[in-house]
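Those protein sequence lines, which keep their order, are chains A and B. Once you know that position 271 of the first sequence is 271 in the working numbering, the rest is easy, because the numbers rise by one and skip nothing. Once you know that position 470 of the second sequence is 470 in the working numbering, the rest is easy, because the numbers rise by one and skip nothing.
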Amino acid sequence: MWKFSVRRILIMIPQLFVLSLLIFVLAKMMPGDALSGQIDPNIDPARIEELRIEMGWYDPWHEQYARWVGGVMQGDFGMSFRFKMPVTELIGQRIVNSFWLSVATLILTYLIAIPLGITSGRYNDTFRDQLITGYSYVGFATPLFIFALVMLWVFGFQLQWFPTSGSVEPGMEPGTFDYFMSKFYHLLLPALSMALITTFNTILYLRNEIIDTKQKDFILLARSKGASESRVYNQHIFRNSLLPIAAFFGFEITGLIGGSIFIENIFGYPGMGQLLIESISLRDFSVVTATTLLFGIASILGALISDIILSLVDPRIRIK
Amino acid sequence: MSKSLKWLFALMLAMLLVLAACGNNTAGDDDQKKDDPKTETEDPKDDEKEDEEEPVEDDGLYSIDDFATSKTNEGEAIEGGSLTFGLVSDTVFEGTLNYNFYSGAPDAEVIAWFDESMLYTDGNFTFTNEGPAEFTTEPYETDEYPNGVTFTFKIKDNVNWHDGEPVKAEDWAFSFEVIGHPDYTGVRYGPDFSNIVGMEEYNAGEADTISGIEIVDEKTLKITYKESQPSLLTGGVWSYAMPKHIFKDIPVAEMQESDAVRKNPIGMGPFKVKSITPGESVVYEKFADYWRGEPNLDEVVLKVVSPSTVVQALQTGEVDMVDSFPVDQFVDNADMSNVEWLGITDLAYTYIGFKLGHWDAEAKKVVMDPDKKMADVNLRRAMWYAVDNNAVGEKFYNGLRWQANSLIIPPFKDYHNADVEAPTYNPDEAKKLLDEAGYVDVDGDGIREDKNGEELVINFASMSGGDVAEPLAQYYIQSWAAVGLKVELIDGRLLEFNAFYDRVGQNGEDDPNIDIYQGAWSTGTDVNPYGLYGPDQMFNFPRYESEKSSELLAAGNSPEAFDVAYRQEVYKEWQELMVEDIPVFPTLYRAVLIPVNNRVLNYAIDYGSTMGRHELAVTQEEPFKHE
């Protein structure tokens, strides 16, 4: 077990290296830079040129890369050209929002998925099951960004039950209970929109697992020993079926990252996804590279967590 | 599939999404404001009744003349009240909240509520004595600088910073010391600063002080410029002070990230910053000690509103007014019952440019090339005759953009030459010109060949963004095809903003394959077009120069040009020259529309309006909602 984990973590190092290289080169290959947007007759092009030289944007790419990696190693992602502040501080502001959004989405996803999955697996091929699988197929087929827009329009603008943008009511005192509630209120609709859509695979996994496990010999044994139906489901089937779901927990995180890019942009929710898109379109390189790198690391970590959980659950997966 | 392969695949997918999402991009103010077309959600038009005041015509066309520039005041103002201001942007505001450091337009909107210029301007964008400071000028003549000028500024007595400190001459001088400082990190330093006596030495680190800036007494400041130019009076003097008592201990290189800029900025404006949620919103409270009098409103809340949801935000009263409204959404919302629409001509124009040369990076000037495809002025004139910009304005923009004739835009009332004889749509004239110039169809395929009888394909660069970009580019291509010219989009598609300006030559590395391009300029408040058409200007994208043009541009900003009549004459001649030489031709002027909730009083958007934000008031606690 330990050997496997250590090995798995060692593999991450070259992965991260290639990732950082790819991100950096791709970012630099984009046409334009953070100063392209400053094409304005009131700003002196000579000053812009001077700034470009000062920023080192004309140096060969490998020098820039070495400088950047050197900084990243020490936890310094450089300065955001656009926000004129250190990237670490900027990301610090945003990552909190994204983190809570992800947590809320995950909780909601499992809150929806587990009861539905169990019901649908236990009573498979009944009307209830068909309703639930129907829902999950619809969720599977609906693009997240369309669904989120519809949610925003219906619950945000038509019914006005939820705020339509931002992460907190203007003028709230940070640290107070009201502030916390306002934050929660603002992330509820985006989290719900994402959870309702992304929950389908967990439902279907759970359903299939339960149906599978139901026919296993040890269930037959439990039944023949006279265990009650609820005991069979809650103790024997549920626990066994949940293991693969736990294993996919890591991949869930990867999925959340992709989703958050849409969700945050649609709901005007200032998190990492919105920051990424904005800094790409405005060519704020240091922010682009830092956010993509963090997203990349989160994905790799997600995969790692999944692998480790899987290997705990299923010894066959461990590499000899 | 191995883990890393899977992961790579995921990354590719993510990139794809990202690419798809970058289609809309609002970097830069010279680009037209675009909004996300896919997210437009329309309220069903349940209210068919038309308000008499709404400038609605039967043909669905609007004209800028139908819009008022100031809000009709209806009802009595209540005491105090709170107003919500929407900052329309699909990005957050950066939070560099100081005039000396900001670079994004959203930040400027945030700053404008709590700080202001020391000098106000009038309808011609010229400095007046109405603002926090008054000024006089006297000539400054030495052997080195025979055409110099000294400005003496006197700051009014009751002008105070939000912390109670009076605004002093040293605060204003401090702005110059910071911007000119070798460690300064912002974009503001430029010819307006190096024109100050002693500034270049200071900027190079050779001098500790700027010899041309003198603090006479606590409230009096003298600044001496090497060259006296009319542009000094239209924004050429840096008119923003910064509180020295707060910034003096912060090293210049660290100022823009300091809390004094980002977290608790102060200014001298009618409202002071109460709290900032980074990127999202700002709450202001009134500054009772404001020098023009106590503001009417108790509180102003500014929040970022996405262009795709701004209509709903206005209808529900979530915001009372906005800094700018995506004009292409106006037609569908002209009947919004809870707002009044104000409108004015924007300080911008769209144009078609012809590439006539290249940028010489060594000499830092443009070089014309007589062998360029577009070198024949008759070809360029024919292309101007071939397009119907009136139709473009009506069909694509419902009249909210309209045919342009001159490169000096109408808001420069004194200088815009409305009578300049610019070509208007006349395909027969275009054909005649082309025939005469030798562009004839030799091989009978309906497409004209060049003068040597060889195939002529003109490569056209145009920017993506918004619904209209593609059909508009296609319209121009068809119009030119109708007179026999083969024009193709470069690479067969529209270019994204950054790629467009890279290839048009914002770094001086022009793409030689581009023959013509469609661009837009936001002119700023200085009428002087030198920055865009001067021979040594990087932004002279057509790479055009002529002796006459350079001469006129220089004359237009010479000391003699302080005489308005003389300057008018010079710019009139220059505008005529541009219609003759056609390095570019202007296509459209555009409108700015601002919706204002009916409860808001005392608001005006005309240039040079003396109505201050301290006069803003509301007639009831809650905004009106759309019915």
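Every residue gets a Cβ at the ideal spot worked out from N, C-alpha and C, and that includes glycine.
Task: Exposed unless 16 or more other CB atoms sit within 10 angstroms - verdict on B/Gly28 - done: Residue placement at B/Gly28 is poorly supported in this model, since its pLDDT is 36, which falls under 50; the coordinates are not used for a value here.
Open item on the list: Rounded to whole angstroms, what is the Cα-Cα separation between B/Glu488 and B/Asn459?
Closed with: 5 Å
TODO: Look at the Cβ atom of B/Phe114, then the Cβ atom of B/Pro265, and state whether they are nearer than 8 Å.
DONE: yes
Open item on the list: By the three-class DSSP mapping on this structure, what secondary structure does B/Ser103 have?
Closed with: coil
Task: is_contact[B/Ala499, chain A] using C-beta, thresh 8 Å - done: yes
- [ ] Give the interface partners of B/Glu94 over in chain A, defined as CB-CB distance under 8 Å, in chain order.
- [x] Arg82, Phe83 and Lys84
Open item on the list: With DSSP as the reference, identify every bridge partner of B/Ile458, one or two as the case may be.
Closed with: B/Val487
Task: Contact check, B/Ile223 vs B/Ile213, beta carbons under 8 Å - done: yes
Task: Residues that B/Ser281 contacts on chain A, provided the C-beta gap is smaller than 7 Å - done: Gly166 and Pro170
Open item on the list: Quick check on B/Gly212 - is its C-beta less than 8 Å from some C-beta in chain A?
Closed with: no
TODO: Can you grab the Cα-Cα spacing for the pair A/Ala141 / A/Ile132, in whole Å?
DONE: 14 Å
Open item on the list: Please tell me whether B/Gln229 has its Cβ less than 8 Å away from any Cβ of chain A.
Closed with: no
TODO: Decide if B/His702 is buried, meaning its Cβ has at least 16 other Cβ atoms within 10 Å, or exposed.
DONE: With chain B running from 1 to 627 in the structure shown, residue 702 of chain B is simply not present.
Task: Span of the beta strand (DSSP E), counted from its first residue to its last, around B/Trp341 - done: Val339 to Phe354
Open item on the list: I want to verify the contact list: residues of chain A whose CB lies under 8 Å from the CB of B/Asp502, in sequence order.
Closed with: Pro31, Gly32 and Ser36
- [ ] Just the chain A side, please: which residues come within less than 7 Å of B/Ser306 by C-beta, in chain order?
- [x] Ser165 and Gly268
Task: Nearest-angstrom Cα separation, counted from B/Thr96 out to B/Asp467 - done: 32 Å
Task: Straight-line gap, B/Val331 to B/Asp428 (C-alpha atoms, nearest Å) - done: 34 Å
Open item on the list: Which residue wins for smallest C-alpha separation from B/Phe247, given the options B/Lys286, B/Gly279 and B/Asp171?
Closed with: B/Asp171
- [ ] Indicate whether at least one CB of chain B lies closer than 8 Å to the CB of A/Ile13.
- [x] no
Task: Listed by chain order, chain B residues near A/Leu159 by CB distance under 9 Å - done: Within 9 Å Cβ-Cβ: nothing; A/Leu159 doesn't reach chain B, min ~11 Å.
Open item on the list: Any contact between the region 377 to 390 of chain B and the region 421 to 435 of chain B? By contact I mean 3 or more CB pairs, one from each, below 8 Å.
Closed with: yes
Open item on the list: Considering only DSSP beta bridges, list what B/Pro139 is partnered with.
Closed with: B/Val149
Task: Status (buried if at least 16 other CB within 10 Å, exposed otherwise) for B/Ala565 - done: exposed
Open item on the list: I'd like the span of the alpha helix (DSSP H) that includes B/Lys71, first residue to last.
Closed with: First-last for B/Lys71: undefined, no H or E at that position.
Open item on the list: So B/Asn203 and B/Ser194 are supposed to be a Cβ contact under 8 Å. How far apart are they, rounded?
Closed with: 7 Å
- [ ] Could you name the residues of chain A that B/Thr121 contacts, counting a contact when the two beta carbons are closer than 9 Å?
- [x] What B/Thr121 touches in chain A: nothing, since even the nearest Cβ is about 14 Å away.
- [ ] Tell me, please, whether the CB atom of A/Leu310 is closer than 8 Å to any CB atom in chain B?
- [x] no
TODO: On the DSSP bridge assignment, give the partners of B/Phe585 in chain order.
DONE: B/Ile352
- [ ] Give the secondary structure of B/Asp217 by DSSP, where H, G and I count as helix, E and B as strand, and everything else as coil.
- [x] strand
- [ ] Classify A/Trp61 as buried or exposed, calling it buried when 16 or more other Cβ atoms lie within 10 Å of its own Cβ.
- [x] exposed
Task: Beta-carbon separation (whole angstroms), B/Gly608 vs B/Gly123, contact threshold 8 Å - done: 4 Å
Open item on the list: Considering only the alpha carbon of each residue, which of B/Glu436, B/Ser549 and B/Asn452 lies closest to B/Val442?
Closed with: B/Asn452
TODO: Counting only the same chain and skipping the five closest in sequence on each side, list residues whose C-beta sits under 6 Å from that of B/Asn378.
DONE: Leu433 and Ala437
TODO: Give the secondary structure of B/Lys156 by DSSP, where H, G and I count as helix, E and B as strand, and everything else as coil.
DONE: coil
Open item on the list: Once the 5 residues before and after A/Ile197 are set aside, which same chain residues still bring their CB inside 7 Å of it?
Closed with: Gly139, Thr142, Leu144 and Phe147
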